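Colleague:
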């Protein structure tokens, strides 16, 4: 392994490759910092550009944007109390409180350092476990793969939405889109309605652009322009003022948050926001002074930022080992890889090992860039976050439609992107999540193909899914998941809220 | 005001019925469930889920009305406007339709001008600069950096 890493590290001596890693990370930070923009949006719009690149530069750049984007949201969360990304909503509570008492630099420095620690820990777990899981996954036959994908779809349906029914509905809509085109096992067109362009299915990249860029344009058009956001001045001289807080918070919070983030990241659909919430809740629960959370407790910055960046390593584990994305961003990256002809999953480590090692090295380099850039450019961040939406979104709308045209090489792809953008807008206005739509689109074909193949092999005997211990366990886990996250946990939360309300009443 | 869960549940129910009717026209499989199996399963599950959402929404609306509380019919974001997103949708569709006939430059300039106007009307200089800058940057990125072909419209 060490000689391989040394050889891979030498690849990054190429200035062009290094520039892509650094540039991708910085772009991700900028995009993540601006409210209304997300790493998913940036990657969706950049995918057509990655077609011109070989696979290694393409994937390291996309990973850099992913990493930068998750961290970047903390900047506006701390400086102006507007989370740049949903993942930073918890960081905002204590981070902005610290900023309001004059410790903006300490809060941002703490967020940067915590992101570095969490991301690096997630990366170590990724490097150690992904190859081992891929080896196990090579033994998986169709019943096991079906059961694993089923668990992923149930997970994404239950954890991304406030309502189990709406989460399932969104996933099913994605799976419906996936059935358009020629059937995978029989040469029969499905739901093409005589449209030749639909024979190859709904273009995935156009769906990604529609769901995450075009939808965002329509949503932002419906929100009143906020008053201009201004941050307190940030001084470079105080950039290391966060260090005493690192010692004060202690290594245990870093360790627990890293573990939470990595595990949550590995769960399909869970995402950075859930990782941050769980880590924050745990830090508060185990604190000697839980009431200080939300009022400027540094642990309230450390826990969510460590966790949401550890998530980036965790989310790459199922994507690389099983071909199942851990969150929306990895789903988009997965789509991009598949369009390039690279199929993530168990075969990746055997047939495309020359891609995996550079990804690992690029991952750690991105976190190095994040640490340095995060501290060095602190005074610039106030300028980044105040870019008006009236400048950003006309550009985003136009580039999204043009990107769909260029990527699909047809006007049909443009219309798909716009149509899916309208669908995404309507779904979100009615309270439905859109991440399950994308995961349903990507995972639906895997579910169907493995299900039908299993029954072909077993000659129609459905017990094939239960005679395999792995398959049986995964199916049981899906049921438990659905019941716990869809019914038990929401009920517990509602009871707690009702108890809190009645305590507050005279 | 109509409860949004009732509306969305009803729409999903209609969608699942239409989807099911099309799925039933697919041929059966040979020795395996066939191409109709998953679509049929999706349609059945979606109709159950849609029914759950619809009934849940109706019950909540009825309870809210009985308690004298305003029924949830508002947008998911409090105070969100509807006219601007609706206009943005129409403009984006028009942009996609006009992209090839008018060509990249003309269609993109007009589109970005219109979208900028939706977001703000108080700064005329921005109405001039944003469309020009956006169109120029996108042209550079796709035509120069990527080498992609963009439609030239009637001015070729």
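Residue numbers (this note's numbering), protein chains in the order written: chain B, 1 to 506; chain D, 1001 to 1156.
We put the CB at the ideal spot given by N, CA and C, even for glycine.
None of these values were measured; they are calculated from a predicted model.
Going by C-alpha to C-alpha distance, which of B/66, B/29 and B/163 sits closest to residue 488 of chain B?
Modeller: Walking along the first chain from the start, residue 488 of chain B turns up at place 488. Nearest option by C-alpha distance: B/163.
Colleague: Take residue 185 of chain B and list the residues in its own chain whose beta-carbon comes closer than 6 Å to its own, dropping the five residues that flank it on each side.
Modeller: The residue given as residue 185 of chain B occupies position 185 in the first chain. Same-chain partners within the cutoff: 452.
Colleague: Using a Cβ-Cβ cut-off of 7 Å, state whether residue 1154 of chain D counts as contacting chain B.
Modeller: Translated into the one-based positions of the second chain, residue 1154 of chain D becomes position 154. So no, residue 1154 of chain D is outside the interface.
Colleague: Express the C-alpha separation of residue 420 of chain B and residue 33 of chain B in angstroms, rounding to a whole number.
Modeller: Your numbering for residue 33 of chain B matches position 33 in the first chain. Your numbering for residue 420 of chain B matches position 420 in the first chain. Looking at the two C-alpha atoms, the distance is approximately 26 Å.
Colleague: Mind listing the chain D neighbours of residue 175 of chain B? Cutoff is C-beta to C-beta under 8 Å, in chain order.
Modeller: Translated into the one-based positions of the first chain, residue 175 of chain B becomes position 175. Simply 1038 and 1042.
Colleague: Consider the Cβ of residue 1085 of chain D: report whether some Cβ of chain B lies at a distance smaller than 7 Å.
Modeller: Residue numbering aside, residue 1085 of chain D sits at position 85 when the second chain is read from its first letter. Answer yes: the Cβ-Cβ gap between residue 1085 of chain D and chain B drops below 7 Å somewhere.
Colleague: Express the C-alpha separation of residue 307 of chain B and residue 298 of chain B in angstroms, rounding to a whole number.
Modeller: Indexing the first chain from 1 puts residue 298 of chain B at position 298. Indexing the first chain from 1 puts residue 307 of chain B at position 307. Looking at the two C-alpha atoms, the distance is approximately 14 Å.
Colleague: Inspect the beta-carbon positions of residue 120 of chain B and residue 305 of chain B and report whether they are closer than 7 Å.
Modeller: Locating residue 120 of chain B in the first chain gives position 120, where the first residue counts as 1. Locating residue 305 of chain B in the first chain gives position 305, where the first residue counts as 1. Not a contact, by the Cβ cut-off of 7 Å.
Colleague: Cα-Cα, which of B/57, B/21, B/470 and B/69 is closest to residue 41 of chain B?
Modeller: Translated into positions along the first chain, residue 41 of chain B becomes position 41. It is B/69.
Colleague: Cβ of residue 486 of chain B less than 7 Å from any chain D Cβ?
Modeller: Position 486 of the first chain holds residue 486 of chain B. So, not an interface residue.
Colleague: Can the beta-carbon of residue 472 of chain B be found closer than 7 Å to that of residue 481 of chain B?
Modeller: Residue mapping note: residue 472 of chain B aligns to position 472 of the first chain, counting from 1. Residue mapping note: residue 481 of chain B aligns to position 481 of the first chain, counting from 1. The answer is no: Cβ separation not under 7 Å.
Colleague: Count the other C-beta atoms from every protein chain shown that fall within 10 angstroms of the C-beta of residue 479 of chain B, then say buried if there are 16 or more, exposed otherwise.
Modeller: By one-based count along the first chain, residue 479 of chain B stands at place 479. For residue 479 of chain B, the number of other beta carbons within 10 angstroms of its own is below 16, and it is reported as exposed.
Colleague: Who does residue 182 of chain B pair with in a DSSP beta bridge?
Modeller: The residue you call residue 182 of chain B lines up with position 182 of the first chain. DSSP lists B/189 as partners of residue 182 of chain B.
Colleague: Could you round the C-beta distance between residue 411 of chain B and residue 1099 of chain D to whole angstroms and report it? I think they count as a contact, below 8 Å.
Modeller: Numbered from 1 along the first chain, position 411 holds the residue referred to as residue 411 of chain B. Numbered from 1 along the second chain, position 99 holds the residue referred to as residue 1099 of chain D. Correct: roughly 7 Å between the Cβ atoms.
Colleague: Please work out which residues of its chain come closer than 6 Å, Cβ to Cβ, to residue 143 of chain B, disregarding the five sequence neighbours upstream and downstream, and give them in chain order.
Modeller: Translated into positions along the first chain, residue 143 of chain B becomes position 143. Counting only Cβ-Cβ distances below 6 Å, and skipping sequence neighbours, we find 454, 464, 465, 468 and 471.
Colleague: Apart from the five residues just before and just after residue 490 of chain B, which ones in its own chain have a Cβ nearer than 7 Å to its Cβ?
Modeller: Taking the first residue of the first chain as 1, we reach residue 490 of chain B at position 490. Nothing meets the Cβ criterion.
Colleague: Determine the chain D residues that contact residue 183 of chain B at a beta-carbon separation under 7 Å, and present them in chain order.
Modeller: Along the first chain, one-based indexing puts residue 183 of chain B at 183. Simply 1035.
Colleague: Which residue from D/1119, D/1135, D/1123 and D/1102 puts its Cα closest to that of residue 1153 of chain D?
Modeller: Here residue 1153 of chain D corresponds to residue number 153 of the second chain, with the count starting at 1. Cα-wise, what sits closest to residue 1153 of chain D is D/1102.
Colleague: In terms of alpha-carbon separation, which member of B/439, B/390 and B/395 lies closest to residue 332 of chain B?
Modeller: In the first chain, residue 332 of chain B corresponds to position 332, counting from 1. Ranking B/439, B/390 and B/395 by Cα distance to residue 332 of chain B puts B/439 first.
Colleague: To which residues of the same chain is residue 99 of chain B closer than 7 Å at the C-beta, ignoring the five residues directly before and after it?
Modeller: By 1-based counting over the first chain, the position of residue 99 of chain B is 99. The residues are 78, 79, 107 and 232.
Colleague: Say whether the stretch 206-217 of chain B touches the stretch 356-369 of chain B, bearing in mind that this needs 3 or more beta-carbon pairs closer than 8 Å, one atom from each stretch.
Modeller: no
Colleague: Please state whether DSSP places residue 223 of chain B in a helix, a strand or coil.
Modeller: Here the question's residue 223 of chain B lines up with position 223 in the first chain. It is coil, neither helix nor strand.
Colleague: What residue range is occupied by the uninterrupted alpha helix (DSSP H) comprising residue 247 of chain B?
Modeller: On the first chain, position 247 is the one that residue 247 of chain B refers to. Looking at the DSSP string, the run of the alpha helix (DSSP H) that includes residue 247 of chain B is 243-249.
Colleague: Given a cut-off of 7 Å, decide if residue 174 of chain B and residue 1085 of chain D are closer than it, judged by their beta-carbon atoms.
Modeller: As a position in the second chain, residue 1085 of chain D is number 85, starting the count at 1. As a position in the first chain, residue 174 of chain B is number 174, starting the count at 1. No. Outside cutoff.
Colleague: Nearest-angstrom Cα distance between residue 515 of chain B and residue 26 of chain B?
Modeller: Because chain B spans 1 through 506 in this model, residue 515 of chain B falls outside it and cannot be assessed.
Colleague: For residue 410 of chain B, name the three-state secondary structure that DSSP assigns.
Modeller: Taking the first residue of the first chain as 1, we reach residue 410 of chain B at position 410. Note: residue 410 of chain B maps to coil in three-state DSSP.
Colleague: Would the beta-carbon of residue 125 of chain B fall within 7 Å of that of residue 265 of chain B?
Modeller: As a working note, residue 125 of chain B is residue 125 in the first chain. As a working note, residue 265 of chain B is residue 265 in the first chain. No, these two residues do not count as a Cβ contact at 7 Å.
Colleague: Output the distance between the C-alpha atoms of residue 157 of chain B and residue 1041 of chain D, rounded to the nearest integer angstrom.
Modeller: Indexing the first chain from 1 puts residue 157 of chain B at position 157. Indexing the second chain from 1 puts residue 1041 of chain D at position 41. Straight-line Cα distance between these residues: approximately 16 Å.
Colleague: Express the C-alpha separation of residue 1056 of chain D and residue 1066 of chain D in angstroms, rounding to a whole number.
Modeller: Sequence index remark: in the second chain, residue 1066 of chain D carries index 66 (1-based). Sequence index remark: in the second chain, residue 1056 of chain D carries index 56 (1-based). Roughly 15 Å between the two C-alpha positions.
Colleague: Quick one: which chain B residues come within Cβ less than 9 Å of residue 1004 of chain D?
Modeller: Position 4 of the second chain, counted from the first residue, corresponds to residue 1004 of chain D. Per Cβ cutoff of 9 Å: 429, 430 and 431.
Colleague: Taking the alpha-carbon positions, what's the residue 76 of chain B to residue 1020 of chain D distance?
Modeller: To locate residue 76 of chain B, count along the first chain from 1; it is residue 76. To locate residue 1020 of chain D, count along the second chain from 1; it is residue 20. Distance between the alpha carbons of residue 76 of chain B and residue 1020 of chain D is about 47 Å.
Colleague: Taking residue 28 of chain B as the reference, give the member of B/66, B/20, B/13 and B/35 with the closest Cα.
Modeller: Stepping through the first chain from its first residue, residue 28 of chain B is reached at position 28. Nearest of B/66, B/20, B/13 and B/35 to residue 28 of chain B, Cα basis: B/66.
Colleague: Specify the secondary structure class of residue 357 of chain B as computed by DSSP and reduced to three states.
Modeller: Against the first chain, residue 357 of chain B aligns to sequence position 357. Correct three-state label for residue 357 of chain B: helix.
Colleague: Check distances from the C-beta atoms of the stretch 395-407 of chain B to those of chain D and list, in chain order, the residues that come in under 7 Å.
Modeller: Flagged, chain order: 395, 397, 398, 399, 401, 402, 405 and 406.
Colleague: Give a yes or no on whether 7 Å exceeds the smallest Cβ distance from residue 1063 of chain D to chain B.
Modeller: Here residue 1063 of chain D refers to the residue found at position 63 of the second chain. Chain B, which has no Cβ nearer than 7 Å to the Cβ of residue 1063 of chain D, makes this no.
Colleague: For the alpha helix (DSSP H) containing residue 63 of chain B, list its first residue and its last residue.
Modeller: Translated into positions along the first chain, residue 63 of chain B becomes position 63. It spans 55-80 - the alpha helix (DSSP H) in which residue 63 of chain B sits, taken as one unbroken run.
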